[in-house]
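From first to last, the protein sequence lines are chains U and L. When we follow the numbering used here, the leftmost residue of the first sequence carries the number 730, and every step to the right adds one. When we follow the numbering used here, the leftmost residue of the second sequence carries the number 730, and every step to the right adds one.
2 protein chains.
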Amino acid sequence: MDNLKLEDIAKLAGVSRSTVSRVVNDSPHVSAATRKRVEKIIQNNGYHPNAAARSLASQRTNMIGLVIPRSTSAFFTDPYFPQLTQGVAFACNNHHLTLSLFLVGNQEDENEITPRLLRRGMLDGILLQSGNSDDNLFRRLISSHLPVLVLGRPFEEKSVNYIDVDNVSAAKQATTHLISLGYQRIGMITGAIHSTTSIDRQAGFVQAMSEAGREIDPSLIAEGDFSENSGYIAMKKLLPFRPDAIFAQSDVMAIGAMRAVQEAGLEIPKDVAFVGFDDLPVASTLPIKLTTVHQPITHFGIKAVDLLIDMIEKGTKPAKRMILDTELVIRDTCGGKSVSRPTVQGTEMEGSALKAPA
Amino acid sequence: MDNLKLEDIAKLAGVSRSTVSRVVNDSPHVSAATRKRVEKIIQNNGYHPNAAARSLASQRTNMIGLVIPRSTSAFFTDPYFPQLTQGVAFACNNHHLTLSLFLVGNQEDENEITPRLLRRGMLDGILLQSGNSDDNLFRRLISSHLPVLVLGRPFEEKSVNYIDVDNVSAAKQATTHLISLGYQRIGMITGAIHSTTSIDRQAGFVQAMSEAGREIDPSLIAEGDFSENSGYIAMKKLLPFRPDAIFAQSDVMAIGAMRAVQEAGLEIPKDVAFVGFDDLPVASTLPIKLTTVHQPITHFGIKAVDLLIDMIEKGTKPAKRMILDTELVIRDTCGGKSVSRPTVQGTEMEGSALKAPA
DNA sequence: ATCATTTTTGGGAGCGCTCTCATAAATCAT
DNA sequence: ATGATTTATGAGAGCGCTCCCAAAAATGAT
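What follows is the structure in C-alpha cells.
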C-alpha cells in the first residue's frame, strides 16, 4: 500500500484515470460529487503523484536551480549567500517549486554539474549567481534551452536576463554621506576587483567624489576580495596614508579593517570612520555599530524567483531586468550625527531600459 | 536542434535506441567501433538525456533532499548550516547526485513541503536535520517509503538512521580541560534546551564535573539557544555569580558571552575563561582566539551523503548509525598553557551498537 | 566445416502521468 | 418531448527513457 498510482485510485473510486487526474490537479471539469468521492479515496488510501511521470508528460518539472559558480568560492564564508539562499528557498515554497542547489567547488565540479544542469526534464529555469567574466559555465547556461536569470549584473549584458541592486547609487550615497560629514581623506576597500559588483560600487564612489569636486588619492584605495581577512590586510596597507574615513565594499571587510584600526591603537570613528555594505545582522551587534548600506537580500531572492517564474511562463523575449534600491543605514562607525534614510523600493524594467550600471 | 532524443541519435548513427542508451550509460555491451561512432554523433549534435524520462523508467532520480525543519529556524544566522550544506553539496557533486534544498520557514511551508517530499519519482533519499521532539514532519518522513538519514541524534532513536558527532565526549573533554586548568567556578551556557545536541553536551559537562568530584552549581548554568544574542543575555545572568570559566555550547554564543564580559569591564581569560563549540572560522580570527571543540562539519556532510547512498543502494534494514569524533582546539580564551589534541576520526557502527548518547 | 558459446544489437513492453478528443450524461429552450 | 448546448467522463496516444528478451553476428572448439 501507499505506493498507489492514479490507475489504482481510479479503480477504487470507480472512475477513470483522467478523472482522478483532474481531481488531483484541481481541474474545474469534475462534478462536486465525484470530486468528493475521489478525494475521500485518496485521503483514506494515500496517494502521491509520481513527479517523474508528471514531468515527463507535462514537460514541466516545477524545479528551479540555484547555481553558484566557482569564482564565488567564498560562498559560505560570507553570510550573504546563505541569506540569499534562504530568500530563494522561501520564495520557492510559496510557489510550490522545488529548489535544487548547485555549488561549484572546482573545475571538476563544473564539468560534472554542467551536463546535469542541461539535462532536459530536470529544471524549469535557473538562477545563476554572477561570477567572473571568463566563465565558461556562464556561457553554456546562457546559451542553453532553459530560462536563466543572472543574479547580479553580468559582464556581458547583451540580451541576458538579470536582477541586481543599484550598486552604483548605493556606493555613491555611502560616499556622499562620508563627504557631507566633513571627512577629508576618504579611502575605499574594494571587493574582488573583477566582479561587476565591485566595479559598480567603485563607480559610485568615484561619482560621489568627483561630484563633490574631490580628488581621488590612489594610495587611499586598497583591493580586497570581500573576505574579512582581505579587509584586515587592505587596512594595514592603507593606515600609513592616514585615511580619516573608509568606504568598505562589504561589512565583512569593514569588520576586518576595523580590527586592523583597533590593533593600531586608533579609535573608531574618531580617528577613522567607516561605512560598510550589506547590513548583515552583525552590523548592528558590533561593539561600535556599523553604518552600512542595507541590501534587501531576502527580498532580492523573492524578486528573483518571481522574475524567473515570469520568464518560464511568458518567455524571455525582451530580456528582463530588475534593479532593486538600497538604503543607507546610519549607525555609529561613521561619526557625525546626520540622518538621511531613503526608503526601500524596487524598480522593474524590461528591454534595454536599464537604470543602473554606468 | 539540440533537443534531440535517444531515438534521433540512434537514427543518425544507424543503430537502435537501445544501443545509444548503452553508450550513454557506459554499458560494457557495446563494441568499441559502435561506441565511437555513436559518441561522435552525440558530440557533433549534442544530446542531453531527459531526466524525467530516465527517472520514470529506471525508478531512480539521482536526487537527494536536504531538509531543514522549522524548529531549526536560526538556520542561516548560524554559520554551521551553510557549512554543512556546502559539505553535502560537494559530496553530491562527487557522486553525480543533485541536491534539493528544503528550508521549512513556518507551518505553512511545512504543509506545502511535506507532500512534495513524499512524491514518488522525486527523491532517492533524504537528509533530515534533527529538530524538535514534537516534530510532525519528522514522523511523516521517517515512516515514508524513502530512506531517511537524520543529521544529529533524534529524540526517538528506535530504528531511525542517524549520524552525529560525539557531543557527550566532546563536551566532557572541553569541561575537563577547564577543570584541569584549575578553574573553580565553571559555568555553562546551554544551547536550545530541547535539542538533543544541547542535551548531549550538557551530559558531557555533567560527566566531567562529577568524575572530577565537583559539585554543579545551578546558578552557574544559563540557557541559550545557540544564537549570539542568547549567549550575551545568558552571560549577563551568569556574571553576578562570578564564574571564572564558561563552557559555551556554541562559538556564536561564546562570542556573545564574551561581549557581555568585556562590557562588564572584565578580562578574558584572566577573569573569565571560555571554551566554545564548533570551531567556526571566526574562532581563530577573534581578538582573543577562542578555545573550542572542532566539529568536522564538511566531513560530516560528506559522511552523511556516503551513508545515505549506502542506504539507498543496500536498504536500511539494520538501522545505520555513525558517530564522528571531535577535537579540542586550544587557543587563548581558556588561559593556562596545557596542550592536548586527540586526533579526528570517524567510527561507523550498525544496528544497536551505539556509542555516544548517554 | 559445424555446432556451441559468447558478444553485440534490436524490438517491445512498460514506467505513471497529462492532454486532446470523442462520447455520454445532464441541462436548457422551445 | 425533442433537439441544441453545456458539462462530465472515458479512451488512447504519447512523453523519452530503461531493461528484458530474443535475434543476429562474431568467435571459438572440434
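Just so it is clear, CB atoms sit at the ideal spot from N, CA and C, and this is done for glycine as well.
Alpha-carbon to alpha-carbon, residue j and residue i
i       : j       : result
L:V1058 : U:V1058 : 38 Å
U:G1044 : U:I855  : 13 Å
L:T905  : U:A818  : 42 Å
L:S924  : L:S1013 : 27 Å
U:S787  : L:L828  : 23 Å
L:T748  : L:K740  : 11 Å
U:D895  : U:T1055 : 7 Å
L:P1047 : L:P844  : 27 Å
L:L949  : U:L852  : 53 Å
L:R988  : U:E837  : 43 Å
U:I1038 : L:M982  : 40 Å
U:L857  : L:D807  : 24 Å
U:G1080 : U:D1007 : Note that U:G1080 scores a pLDDT of 39, beneath 50, so its modelled location is shaky; the value from the coordinates is reported in the next line. So the two alpha carbons sit approximately 28 Å from each other.
L:N732  : U:F867  : 20 Å
U:Q1024 : U:D1061 : 18 Å
U:S873  : L:G775  : 11 Å
U:N773  : U:R766  : 11 Å
L:E940  : U:G1065 : 56 Å
Buried/exposed call for residue i, threshold 16 Cβ in 10 Å
i       : result
L:D946  : exposed
L:G942  : exposed
U:A986  : buried
L:A742  : buried
L:R849  : buried
U:G911  : exposed
L:H777  : buried
L:S745  : exposed
U:G794  : buried
L:Q812  : buried
U:P1016 : exposed
U:N779  : buried
U:A781  : buried
Identified DSSP bridge partners for residue i
i       : result
U:R943  : BP columns for U:R943 are empty, so no partner.
U:M792  : U:T827
L:Y891  : L:V879, L:R1050
U:A977  : U:I918
U:L856  : U:L795, U:L878
U:N779  : L:R849
L:D1007 : L:H1023
L:I950  : L:M917
Nonlocal neighbours in the same chain, by C-beta distance under 8 Å from residue i, ignoring five residues either side
i       : result
U:K1032 : I892, M1051, L1053, G1075
L:R869  : T843, L847
U:K966  : A951
U:N865  : E839
L:S760  : none
U:P972  : R914, I915, G916, L949, V1001
L:F970  : R914, G916, D946, S948, L949
L:P1071 : Residue placement at L:P1071 is poorly supported in this model, since its pLDDT is 39, which falls under 50; the coordinates still yield a value, given next. Excluding positions up to five away in sequence, the list reads Q902, D1054, E1056, L1057.
Beta-carbon contacts of residue i that lie in its chain and below 7 Å, excluding the five residues immediately before and after
i       : result
L:I842  : F831, V833
U:V1068 : With a pLDDT of 41 at U:V1068, under the threshold of 50, the modelled position of this residue cannot be trusted, and the question is left open.
L:D737  : none
U:A993  : L968
U:S784  : T790, G850
L:S927  : T919, G920, A921, Q978
U:L995  : V1001
U:I771  : I738
L:L1036 : L878, I892, K1049, M1051
U:R764  : V752
L:V1034 : V817, A820, C821, H824
L:M1040 : G854, P876, L878, N890, K1049
Cβ-based neighbour list, residue i, same chain, cut-off 6 Å, excluding 5 preceding and 5 following
i       : result
U:Q1110 : With chain U covering only 730 through 1087, there is no way to say anything about residue 1110 of chain U.
L:A899  : V1022, T1055
The segment 751 to 761 of chain L contacting the segment 809 to 826 of chain U, beta-carbon criterion three pairs below 8 Å:
No, the segment 751 to 761 of chain L does not touch the segment 809 to 826 of chain U.
May I ask you to verify whether the segment 956 to 967 of chain L touches the segment 927 to 942 of chain L, counting CB pairs closer than 8 Å and requiring at least 3?
No, the segment 956 to 967 of chain L does not touch the segment 927 to 942 of chain L.
Would you call the segment 948 to 956 of chain L in contact with the segment 883 to 903 of chain L, where contact means no fewer than 3 C-beta pairs closer than 8 Å?
Taking 8 Å as the limit for Cβ pairs, the verdict is that the segment 883 to 903 of chain L does not touch the segment 948 to 956 of chain L.
The segment 910 to 924 of chain L contacting the segment 971 to 978 of chain L, beta-carbon criterion three pairs below 8 Å:
Cβ pair count under 8 Å is three or more, so yes.
So, does the segment 806 to 816 of chain U touch the segment 1016 to 1034 of chain U, judging by three or more C-beta pairs under 8 Å?
Between the segment 806 to 816 of chain U and the segment 1016 to 1034 of chain U, the count of Cβ pairs shorter than 8 Å is three or higher; the stretches touch.
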